[in-house]
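To start, the structure itself, in structure tokens.
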Amino acid sequence: MNKTKPWYISTNKIFSSLKEEDKTELLSKLKEMSIKKKAFVYTTGDRADTLYILKEGRIKITHLAEDGRELTIEILEPGDIFGELSLAGEEERETNAEALEDSFMCAMKRRDFEEFISKRPQLSLTITKWMGGRLRRIENRFENMIFQGVRTRLISILRDLAQKYGIPVKGGRKITIRLSHQEIANLIGATRETVTLELNNMKRSGDIMMDGKSFIIPSKNIF
2 MNKTKPWYIS TNKIFSSLKE EDKTELLSKL KEMSIKKKAF VYTTGDRADT LYILKEGRIK
62 ITHLAEDGRE LTIEILEPGD IFGELSLAGE EERETNAEAL EDSFMCAMKR RDFEEFISKR
122 PQLSLTITKW MGGRLRRIEN RFENMIFQGV RTRLISILRD LAQKYGIPVK GGRKITIRLS
182 HQEIANLIGA TRETVTLELN NMKRSGDIMM DGKSFIIPSK NIF
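Numbering (this note's numbering), first residue to last: 2 to 224.
Okay, here's the thing in structure tokens:
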């Protein structure tokens, strides 16, 4: 990890427009931390008193359904903020945050962040809009789980992953993030066996291609 805290704040989509003196104050409140692959940043029931800015690595946010199934709510990439529901009144974590790979992040106490944004109404509005957008994306995906078939949900999540983590290759976009069939199943609310079956069908139909273990989404399915 060779980038500094100021670099991450300056390139963060929410904080990049802050004045330099505001960035300096924000940086003074951040604590750097690292976490190993498969370790948890927090789990359900933990006290919700900290926000995090992911610097490097990937974090998945999950929720355990009543039947014991794990549902993946979101996969985070560098620059993303998480743990933000504490700003909306969450007292105890209702989700788990697990590292998909060795990760680095900045942590900030909720009370410090609330004090910081209380003096900056425009930043508070930006964060409110950002939180609303994230919640709408999550709600849309869960609606798809209820009303759409597995194949449609699978194409939708692969398209999203291609847009977020994809790189251009001949004929489409290659998804750079590696996910197991079980992890994909957790993203769309299906069983691993069903996902494996549908992925094989999609390979035969040309709806997805493979480069080793990486998925390539044909251009026709990206938009």
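Even glycine gets a Cβ: it sits at the ideal position worked out from N, Cα and C.
Three-state secondary structure assigned by DSSP to residue i
| i | result |
| --- | --- |
| residue 68 | coil |
| residue 2 | Residue placement at residue 2 is flagged as unreliable, the pLDDT there being 47, under the threshold of 50; a coordinate-derived value is accordingly withheld. |
| residue 13 | coil |
| residue 122 | helix |
| residue 153 | helix |
| residue 163 | helix |
| residue 7 | helix |
| residue 1 | Outside the shown range of the chain (2 to 224) lies residue 1, about which nothing can therefore be said. |
| residue 215 | strand |
| residue 44 | coil |
8 Å contact criterion, which residue i and residue j should meet: CB distance rounded
| i | j | result |
| --- | --- | --- |
| residue 107 | residue 33 | 6 Å |
| residue 112 | residue 49 | That belief does not hold up - the Cβ atoms of residue 112 and residue 49 are roughly 12 Å apart, past 8 Å. |
| residue 1 | residue 62 | For residue 1 there is no data in the structure shown, the boundaries of the chain being 2 and 224. |
| residue 101 | residue 56 | That belief does not hold up - the Cβ atoms of residue 101 and residue 56 are roughly 15 Å apart, past 8 Å. |
| residue 17 | residue 105 | About 19 Å separates the two Cβ atoms, so there is no contact after all. |
| residue 155 | residue 189 | 6 Å |
| residue 85 | residue 132 | 6 Å |
Distance between residue j and residue i (C-alpha atoms, nearest Å)
| i | j | result |
| --- | --- | --- |
| residue 127 | residue 8 | 20 Å |
| residue 201 | residue 78 | 28 Å |
| residue 191 | residue 151 | 7 Å |
| residue 212 | residue 180 | 14 Å |
| residue 136 | residue 72 | 15 Å |
| residue 129 | residue 92 | 18 Å |
| residue 15 | residue 75 | 18 Å |
| residue 124 | residue 65 | 33 Å |
| residue 116 | residue 99 | 28 Å |
| residue 134 | residue 114 | 20 Å |
| residue 83 | residue 31 | 14 Å |
Cutoff 8 Å; reference residue i; Cβ partners in own chain excluding five residues on either side
| i | result |
| --- | --- |
| residue 176 | 159, 162, 163, 166, 167, 215, 216, 217, 218 |
| residue 12 | 80 |
| residue 87 | 49, 50, 51, 52, 111 |
Range covered by the alpha helix (DSSP H) that runs through residue i
| i | result |
| --- | --- |
| residue 189 | 182-189 |
| residue 29 | 21-29 |
| residue 33 | First-last for residue 33: 32-36, but that is the beta strand (DSSP E), not the alpha helix (DSSP H). |
| residue 204 | 193-206 |
Sequence-distant residues of the same chain with beta carbon closer than 6 Å to residue i, five excluded per side
| i | result |
| --- | --- |
| residue 173 | 217, 218, 219, 220 |
| residue 44 | 97 |
| residue 47 | 94 |
| residue 2 | Note that residue 2 has pLDDT 47, beneath the 50 cutoff, so the model's placement of it is unreliable and the number below is only indicative. Excluding residues within five positions, the ones whose Cβ falls inside 6 Å are 57, 105. |
Limits of the beta strand (DSSP E) - the one that residue i falls within
| i | result |
| --- | --- |
| residue 174 | 173-176 |
| residue 212 | 210-212 |
| residue 55 | 51-57 |
Contact with chain D by residue i, beta-carbon distance below 9 Å
| i | result |
| --- | --- |
| residue 177 | Structure shown: chain D not included; a single protein chain is present. |
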